[in-house]
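Heads up: the structure comes next, in structure tokens.
Residue numbers (my numbering): 543 to 864.
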């Protein structure tokens with residue numbers, strides 16, 4: 543089942559996606575509310591809602607499927623890490639995947655208030671000249687918990703959506719040289735959409751180790767730039783959820799990104815492999831379209847951003863200890 547949030551005729555709505563369009567819940571009911579009710583209850587409500595009148599999809603502006611309490615983004619594709627490391631450390635073969643990557647999943651928290659919808663424009667962030675996309679899939683949790691086992695984590699997944707973790711590579715590189723971040727290199731936009739597809743839809747696409755065998759593709763201005771299989775992750779989503787909850791708390795509605803796919807899942811990976819910025823960084827007017835088998839397609843156009851004054855540098859370190 544597919545759950546969505548949208549605006550039509552100036553009214554924000556949530557509901558389910560059917561063969562004939564969008565079917566709305568009662569006013570005031572959000573997808574997050576439905577997710578927190580648990581998957582069995584959500585599926586029953588979805589079936590009931592499909593009997594309501596439908597409004598055409600083309601008349602709606604799709605929003606992120608839900609407003610999550612938090613967004614974690616992992617880096618679970620080895621091929622992506624290898625390419626991006628080369629883009630920073632050189633393409634002569636000496637830059638390799640850090641040994642620490644293999645030891646445990648790594649993630650960062652990104653801004654849940656910077657989420658945008660499946661067809662919203664993306665403004666170039668202030669000071670950015672190396673704008674990039676990142677092709678991902680995100681899992682959405684349907685239950686809360688702490689230190690979940692892998693089987694518990696697997697049952698905690700409510701569904702999946704397409705994710706584009708937009709990246710300002712020049713800003714990101716500067717702040718990560720301080721061994722912290724990413725921060726402003728990431729928190730200006732993250733696309734989620736077009737809707738949230740429930741986990742039961744993928745039972746026949748899940749292998750014995752828990753990996754989802756789904757094709758992922760990304761185009762820039764209708765030119766195919768990258769494609770991969772979600773099953774090429776280093777860990778399945780259940781392992782990522784379990785790790786996120788390890789000695790901590792995860793909550794229903796939390797979003798956990800897979801990290802960027804390999805084989806052209808972002809421009810920085812290709813820059814690292816080719817030793818040149820080819821394809822070129824994104825610019826205003828470019829259309830980035832992503833499609834994941836069984837989930838759907840998102841398509842965002844880059845637009846000019848605002849200009850802001852330069853950032854003030856740090857003052858010299860004070861010498862007075864008093």
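Yeah, the Cβ is synthetic: ideal placement off N, Cα and C, and Gly gets one too.
Report task. Helix, strand or coil for residue 761, going by three-state DSSP, please let me know. Result -> Strand.
Query - Boundaries (first-last residue) of the alpha helix (DSSP H) holding residue 586 - result: 581-591 is the span of the alpha helix (DSSP H), which, as asked, contains residue 586.
**Report entry** Spatially closest choice to residue 703 from 814, 732 and 681, by CA coordinates
**Finding:** It is 681.
Query raised in the report: Got a sec? Which residues, its chain only, sit under 6 Å from residue 566 by beta carbon, not counting five neighbours each side?
Result: For residue 566, where only same-chain residues beyond five positions count, the Cβ hits under 6 Å are 555 and 557.
Query raised in the report: Which runs of the beta strand (DSSP E) fall wholly inside the segment 617-686 and span at least 3 residues, in chain order?
Result: Every beta strand (DSSP E) stretch that sits fully inside the segment 617-686 and reaches 3 residues is listed by chain position as 649-652 and 677-683.
**Report entry** First through last residue of the alpha helix (DSSP H) which encompasses residue 693
**Finding:** Per DSSP, residue 693 belongs to the alpha helix (DSSP H) from 692-698.
Query raised in the report: Is the Cβ-Cβ distance between residue 620 and residue 638 less than 8 Å?
Result: Taking a C-beta distance under 8 Å as the contact criterion, residue 620 and residue 638 do not qualify as a contact pair.
Query raised in the report: Quick one: any contact between the segment 639-653 and the segment 826-844, if contact means 3 or more CB pairs under 8 Å?
Result: Output reads no: the segment 826-844 does not touch the segment 639-653.
Requested in this report: Assign residue 717 to one of three DSSP states: helix, strand, or coil.
Outcome: Helix at residue 717.
**Report entry** Contacting residues, own chain, Cβ-Cβ under 6 Å from residue 824 (five flanking each side not counted)
**Finding:** Here residue 824 has 673 and 844 as same chain residues with Cβ atoms under 6 Å from its own Cβ, once five neighbours each way along the sequence are excluded.
Query - Buried or exposed by the 16-neighbour rule on C-beta atoms within 10 Å, applied to residue 757 - result: The residue in question, residue 757, is exposed, as its Cβ has fewer than 16 Cβ neighbours within 10 Å.
Query raised in the report: Is it true that the CB of residue 796 sits closer than 8 Å to the CB of residue 683?
Result: Taking a C-beta distance under 8 Å as the contact criterion, residue 683 and residue 796 qualify as a contact pair.
**Report entry** Under 8 Å between C-beta atoms of residue 649 and residue 786
**Finding:** Contact: yes.
Requested in this report: Please go through the same chain and pick out, in chain order, the residues whose beta-carbon is closer than 6 Å to the beta-carbon of residue 726, but skip the five residues on each side of it.
Outcome: So the list reads 713, once near-sequence residues are dropped.
**Report entry** Sheet register partners of residue 739 (DSSP bridge)
**Finding:** According to DSSP, residue 739 bridges with 544 and 702.
Report task. Report all residues from its chain with a CB closer than 6 Å to the CB of residue 812; omit the five preceding and five following residues, and keep chain order. Result -> Closer than 6 Å at Cβ, skipping near neighbours: 806.
Report task. Classify residue 751 as helix, strand or coil using the three-state DSSP reduction. Result -> In the three-state reduction of the DSSP assignment, residue 751 falls in the coil class, being assigned neither a helical nor a strand state.
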